[in-house]
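Protein chains in written order, with this note's numbering: chain A, 1231 to 1650; chain B, 1231 to 1650.
Cβ atoms here follow ideal geometry from the backbone N, Cα and C, with glycine treated the same way.
Since this is a predicted model, take the numbers as computed values, not measurements.
What follows is one structure encoded as structure tokens, with my remarks underneath.
Protein chains: 2
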Amino acid sequence: MADSLDDIFITLKKAQSELAMQNRAAKDRALAAAAAAINRSRAAILEANSRDVENARKGGMKESLVDRLLLNEKRIDSLIEGINTVKEQEDPIGKTQAGWTLPNGLHVERVTVPIGVAAIIYESRPNVTADCAALAYKAGCSILLRGSSTALESNRALVRCIREGIAEGGGIADAVALAESGSRDEVDVILNARDYIDVVLPRGGHELIRRVIENAKVPVIETGEGNCHIYVEPSADINNAVEIILNAKLQKPGVCNAAETLLVHKDALAVMPVLAKKIAGKAELRCDAASKEAIGAPPAALVLKDATEKDWETEFLDYILAVKTVFSCDEAIAHINRYGTKHSEAILTNDLNSAEKFRCQIDAACVYVNASTRFTDGGEFGFGAELGISTQKFHARGPMGLEALTTIKYLVTGSGQIRP
Amino acid sequence: MADSLDDIFITLKKAQSELAMQNRAAKDRALAAAAAAINRSRAAILEANSRDVENARKGGMKESLVDRLLLNEKRIDSLIEGINTVKEQEDPIGKTQAGWTLPNGLHVERVTVPIGVAAIIYESRPNVTADCAALAYKAGCSILLRGSSTALESNRALVRCIREGIAEGGGIADAVALAESGSRDEVDVILNARDYIDVVLPRGGHELIRRVIENAKVPVIETGEGNCHIYVEPSADINNAVEIILNAKLQKPGVCNAAETLLVHKDALAVMPVLAKKIAGKAELRCDAASKEAIGAPPAALVLKDATEKDWETEFLDYILAVKTVFSCDEAIAHINRYGTKHSEAILTNDLNSAEKFRCQIDAACVYVNASTRFTDGGEFGFGAELGISTQKFHARGPMGLEALTTIKYLVTGSGQIRP
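Here it is, written out as structure tokens:
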């Protein structure tokens, strides 16, 4: 029943060239109608989702993962709100970034245009389906949604509503498509479709992202891996430093902007007993010899282990913090540039030289001075909805809004000019 | 004697992190000294080049290719001038593109930073060596130059001067390196060096570019292929249209922005006899039936052939123009989007609707209304030196200046903020 991927690619490409002609009002109308269609189809969506959830439980899925798959009235509210947030955002298309006239009278304009057809390969969360469809539509891009097979019923119901709504709103329903086969081959076909797909975004765990990066022949935006560090200098206020470390580690440890390793200057080790006391019973510490010794007699509730080389390179995504002692800001920077994932890195200091050096030499999307790494987020930065957090340097970096789905075109207007 | 590629990668990465700290004055001083070093070493450079040229001729290289390899006093002048042009350009690094303060007092700045380590894989022209070294240095990037083995002696001599000059100017000589082995393996190692190379640019013919794109695991900027079209509507002035067509085809047929196929609206076929008369003896026409018929009795000097499907997809880079009759602007757009290489496309018209549709729906870096495609060029656009012309939509599009070697970083400055 589902179309072949080749047919879907052709349809998406054609739809995109129509969507590129739509103005903001038309795109917003279609998005509003898509949100309305989801709103009136809550029962059908929840019913489809309950089948996915039932199958997942039968298949032995962990409850924490089932929770990511699960929809309820409140989650549908927030999914609708997400679409409306995208609708309210400025149109990223048709902006003249620069314009000038050459000596021969040719007028050159550099304008933003949609990047074309996007594909997103993601895991079980159905909210990604609605968010990404809305973001792509607003940016004038067609989108191929390739979710996990465990969420197929939910995604089918959502995409049906989104397409119905877009059509009712007078828009281009074919600009949104779901890849339904669920086979692994499907992903390979998408990753090789250079004639059709202009960008692919993997959203999910380490394994998914690696697989996409290693196999894609189409352009990829790498997202989400965050082995983030906090480096504490002697000039930092100890109590404030501990608050920031606790926040960066404990507030939501399963996300990419949580801190994984603490680097402590040898003259700032006084931070360790205070940290040990406050983190005891909440997270495990994996310390090198000097930072372990600085703790002194560990609090009874503290789980304290010896750090290994492997800890420096691990994104725990868990209640675990590795701790390493460094002899200088340079050593901290070298450690971060070696083991980090170019995501979010923080220095806690009152030393201007160190702050400047850290900001300049750390190779990461977001570099913090005296704040928690947990702020790296499109919402926190004020971007509204986000496509994810790019950890690459090519095309897009850091929290990505609509701009990541755009490119530019030079429009050159003449009156018969030829090159002498 | 030459270092292994792994050693070169490590050195380039280290040099780049030092270069990132250099201000504009320091970078310009190093570039000026590099230009001076080339100037005083003309004899050695010409001597090295003459060995390359001699070997190339012994190996049976065509004289047109030998000419691309050849250096002389005048070409060294222009190579030095190229470095000085780059020196005069604005520093692309350290620009604050946006800055704002969040409600919690965190200050966020989006600033431009070097992309890191670039690699360029190119053919025999030694001027690319100097141009790209200068552009990369100005953008705060290290560069690995991988030229053709036929130009190895010339490149060695040039890179020696550039590195000596940079060192004399107080700069970071290790930011410029030459890959010297000349083996094909060397290219594969570069294309897979994800830990070291942040971007690779292929500059050369179709085969080189395809090989890089198909094998690279590092980010690539695709350049240079141009199957460019000119589409003539009935409302265009015939004589002006013919001037533009002749210019786009004949002024320099071997370059990527030259026109390869002419699309003529069926009601604009009156352009054909005028074109046939003027192009006779200068270029061959490969026509479809209707455009051939419109020529009437062909001028004696005209080489006139029947067009085949293969002609629509060929970048001739030669004195050959394919001609196809279309029934509408939509058909012209569909033909271009099918066969074009997203480089430069022109419509000749006085119809506003057609012009707007063409500008909006043609998927290309540069879209012209009533002008020759030959203007797609960093120099013509006023960018100064250029890295090449990107035909992809990802990261950089169209003529690329220094900006293509930059990325951004978010600098977030706080006073102890934690996420609630």
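Problem - Contact the region 1300-1316 of chain A vs the region 1258-1267 of chain A: 3+ CB pairs below 8 Å - result: The region 1300-1316 of chain A vs the region 1258-1267 of chain A: in contact.
Problem - Beta-carbon neighbours of B:Pro1483, restricted to chain A and to distances below 7 Å - result: Within 7 Å Cβ-Cβ: nothing; B:Pro1483 doesn't reach chain A, min ~13 Å.
Exercise for the section: Check A:Ala1360 in the structure and name its three-state DSSP category. Expected result: In the three-state scheme derived from DSSP, where H, G and I count as helix and E and B as strand, A:Ala1360 is classed as helix.
Exercise for the section: Can you tell me which of the three DSSP states B:Arg1627 falls into? Expected result: It is coil, neither helix nor strand.
Practice task
Could you check the C-alpha separation between B:Met1231 and B:Ser1411 for me, to the nearest Å?
Solution key: Reliability fails at B:Met1231, whose pLDDT of 39 lies under 50, so the model's placement of it is uncertain and the value that follows must be treated cautiously. Near 10 Å, if we compare the C-alpha coordinates of B:Ser1411 and B:Met1231.
Handout entry: Alpha-carbon to alpha-carbon, A:Arg1440 and A:Gly1290
Key = When rounded, the distance between both Cα atoms is 25 Å.
Handout entry: B:Ser1620 to B:Gly1329 span [Cα, whole Å]
Key = Looking at the two C-alpha atoms, the distance is approximately 29 Å.
Practice task
Can you have a look at A:Asp1482 and say buried or exposed, based on whether 16 or more other CB atoms are within 10 angstroms of its CB?
Solution key: Contrary to the premise, residue 1482 of chain A reads as Lys rather than Asp in this sequence. Classification of A:Lys1482: exposed, given that the 10 Å Cβ count is below 16.
Problem - Contacts of B:His1625 in chain A (Cβ-Cβ under 7 Å) - result: Within 7 Å Cβ-Cβ: Phe1624, His1625.
Problem - Cα-Cα separation between A:Lys1507 and A:Leu1534, rounded to whole angstroms - result: Rounded to whole angstroms, the gap between the alpha carbons of A:Lys1507 and A:Leu1534 is 12 Å.
Handout entry: Unbroken beta strand (DSSP E) run spanning A:Tyr1569, endpoints
Key = Premise fails: A:Tyr1569 lies in the alpha helix (DSSP H), 1559-1569, not in any beta strand (DSSP E).
Handout entry: Three-state class that DSSP yields for B:Arg1424 in the structure shown
Key = In the three-state DSSP reduction, B:Arg1424 falls in the coil class, being neither helix nor strand.
Exercise for the section: Kindly list, in the order they appear in chain B, the residues whose Cβ is closer than 8 Å to that of A:Ile1638. Expected result: Arg1627, Gly1628, listed in chain order.
Problem - Proximity below 8 Å, CB of A:Ala1641 to CB of B:Val1597 - result: Before going further, note that residue 1641 of chain A is Leu rather than Ala in the sequence given. Closer than 8 Å, so yes.
Practice task
Locate the alpha helix (DSSP H) running through B:Ser1280, then write down its first and last residues.
Solution key: From DSSP, the alpha helix (DSSP H) with B:Ser1280 extends over 1272-1288.
Handout entry: Environment of B:Gly1454 [buried if 16+ CB atoms lie within 10 Å]
Key = It counts as buried.
Exercise for the section: For A:Tyr1598, go through chain B and note every residue whose CB falls closer than 7 Å to its CB, in chain order. Expected result: Listed along chain B, the residues sitting closer than 7 Å to A:Tyr1598 by beta-carbon distance are Val1642, Gly1644.
Exercise for the section: Over the uninterrupted alpha helix (DSSP H) stretch that includes B:Thr1241, give me the two end residues. Expected result: For B:Thr1241, the enclosing alpha helix (DSSP H) begins and ends at 1235-1249.
Problem - Supposed contact pair B:Leu1336 and A:Phe1605 - C-beta distance, whole angstroms, cut 8 Å - result: 6 Å between Cβ atoms; contact.
Handout entry: Assigned secondary structure, A:Asn1600 (DSSP; H/G/I helix, E/B strand, else coil)
Key = In this structure, DSSP gives A:Asn1600 an extended state, which the three-state scheme calls strand.
Exercise for the section: Using beta-carbon positions only, say whether A:Ala1409 and A:Leu1235 come within less than 8 Å of one another. Expected result: Yes. Within cutoff.
Practice task
Could you say which of B:Glu1539, B:Val1504, B:Val1406, B:Thr1579 lies nearest to B:Arg1197 if we only look at CA atoms?
Solution key: Within the shown structure, residues of chain B are numbered from 1231 to 1650, placing residue 1197 of chain B beyond reach of any answer.
Exercise for the section: Please check if any C-beta of chain A sits within less than 8 Å of the C-beta of B:Pro1652. Expected result: Here chain B covers residues 1231 to 1650 and nothing more, so residue 1652 of chain B does not appear.
Practice task
Consider the Cβ of B:Leu1242: report whether some Cβ of chain A lies at a distance smaller than 8 Å.
Solution key: Judged by the 8 Å Cβ criterion, B:Leu1242 is not in contact with chain A.
Exercise for the section: Return no unless some Cβ of chain B is closer than 8 Å to the Cβ of A:Asn1580. Expected result: With 8 Å as the cut-off, A:Asn1580 does not count as an interface residue toward chain B.
Exercise for the section: Taking only the alpha-carbon atoms, compute the straight-line gap between B:Glu1303 and B:Leu1309 and give it to the nearest angstrom. Expected result: Distance between the alpha carbons of B:Glu1303 and B:Leu1309: 10 Å.
Handout entry: Whole-angstrom distance between A:Glu1293 and A:Asp1321, CA atom to CA atom
Key = For A:Asp1321 and A:Glu1293, the distance between alpha carbons rounds to 39 Å.
Exercise for the section: Helix, strand or coil for A:Ala1381, going by three-state DSSP, please let me know. Expected result: Correct three-state label for A:Ala1381: helix.
Exercise for the section: Return the chain-ordered list of same chain residues with a C-beta closer than 8 Å to the C-beta of A:Ile1238, the five sequence neighbours on each side being excluded. Expected result: Hits under 8 Å: Leu1374, Ala1407, Ala1409.
Practice task
Closer than 8 Å by beta-carbon distance: list the chain B residues that pair up with A:Arg1604, in chain order.
Solution key: Near A:Arg1604 (Cβ distances below 8 Å), the residues of chain B are Ile1648, Arg1649.
Exercise for the section: Quick one: list the residues of chain B neighbouring A:Cys1590, beta-carbon separation under 8 Å, in chain order. Expected result: Within chain B, the residues near A:Cys1590 are Ala1250, Met1251.
Practice task
Kindly say whether A:Ala1601, judged by its beta-carbon, lies nearer than 8 Å to any beta-carbon of chain B.
Solution key: Cβ-Cβ to chain B under 8 Å: yes for A:Ala1601.
Practice task
Return the chain-ordered list of same chain residues with a C-beta closer than 6 Å to the C-beta of B:Gln1647, the five sequence neighbours on each side being excluded.
Solution key: So the qualifying residues of the chain are Asn1334, Leu1336.
Exercise for the section: Classify B:Met1630 as buried or exposed, calling it buried when 16 or more other Cβ atoms lie within 10 Å of its own Cβ. Expected result: Counting Cβ neighbours within 10 Å, B:Met1630 comes out buried, since at least 16 surround it.
Exercise for the section: Closer than 7 Å by C-beta to A:Cys1371: which residues in its own chain qualify, once you throw out the five before and the five after it? Chain order, please. Expected result: Cβ neighbours of A:Cys1371 beyond the five flanking positions: Gln1246, Pro1344, Ile1345, Gly1346, Val1347, Ala1348, Leu1635.
Problem - Residue range of the alpha helix (DSSP H) that includes A:Arg1440 - result: For A:Arg1440, the enclosing alpha helix (DSSP H) covers residues 1436-1445.
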